[in-house]
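Worksheet: the structure to be examined is printed underneath.
Numbering (the numbering used here), first residue to last: 1230 to 1337.
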């Protein structure tokens, strides 16, 4: 599930990939949690596209209508990133509040 970009057509780039193509750089925040870091980064750097990735987006903060235009949130696992997330990306941030995320990325 992608918030702000839900359209997908077989054989074409996803809506998220088309959105990301409008930015010179794309940053993915893995384990975005409540989205605070992704939203703050998007507000501070409106010239880059910011994607927040998490297995559960129920904790997102604030009203969606107030999110910056350059941020999107995607439901997905860091160990099996959804196909609609563009590759390659220019930067990745990971805050490790949960041991399972750290173990999964380091051990995997």
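Note that CB positions come from ideal geometry on N, CA and C, so glycine has one too.
request  = Classify residue 1294 as helix, strand or coil using the three-state DSSP reduction.
outcome  = For this step, residue 1294 is matched to residue 65 along the chain shown. In this structure, residue 1294 counts as helix in the three-state DSSP scheme.
ask   = Going along the chain, which unbroken runs of the alpha helix (DSSP H) with 4 or more residues stay wholly within the segment 1236-1320?
value = If one requires a minimum length of 4 residues, the alpha helix (DSSP H) runs lying completely within the segment 1236-1320 are 1244-1249 and 1265-1273, in chain order.
key: Chain-order list of residues whose beta-carbon lies under 6 angstroms from that of residue 1247 (same chain, five-residue window excluded)   = Sequence index remark: in the chain shown, residue 1247 carries index 18 (1-based). So no residue of the chain qualifies.
message = Judging by CA-CA distance, which residue of 1272, 1290 and 1316 is the nearest neighbour of residue 1245?
response = The sequence position of residue 1245 within the chain shown is 16, counting from 1. The shortest Cα separation from residue 1245 among 1272, 1290 and 1316 belongs to 1316.
request  = Below 8 angstroms on the Cβ atoms is my guess for residue 1278 versus residue 1296; work out the distance and round it to an integer in Å.
outcome  = Taking the chain shown and counting its residues from 1, one reaches residue 1278 at position 49. Taking the chain shown and counting its residues from 1, one reaches residue 1296 at position 67. Contact doesn't hold; Cβ gap of about 13 angstroms is too wide.
Candidates 1282, 1257 and 1300: closest to residue 1268 by CA position = Within the chain shown, numbered from 1, the residue matching residue 1268 stands at position 39. Per the Cα distances, 1300.
ask   = Rounded to a whole number of angstroms, what is the C-alpha to C-alpha distance between residue 1263 and residue 1286?
value = Reading the chain shown from its first residue, position 34 is the one you call residue 1263. Reading the chain shown from its first residue, position 57 is the one you call residue 1286. Whole-angstrom Cα-Cα distance: 7 angstroms.
message = Give me, in chain order, the residues of the same chain whose beta-carbon lies closer than 8 angstroms to that of residue 1322; leave out the 5 immediate sequence neighbours on both sides.
response = Sequence index remark: in the chain shown, residue 1322 carries index 93 (1-based). Hits under 8 angstroms: 1256, 1257, 1258, 1259, 1266 and 1270.
task = Within its chain, find whatever has a CB closer than 6 angstroms to the CB of residue 1254; leave out the 5 residues flanking it on each side and keep chain order.
result = Locating residue 1254 in the chain shown gives position 25, counting from the first residue. Counting only Cβ-Cβ distances below 6 angstroms, and skipping sequence neighbours, we find 1277 and 1319.
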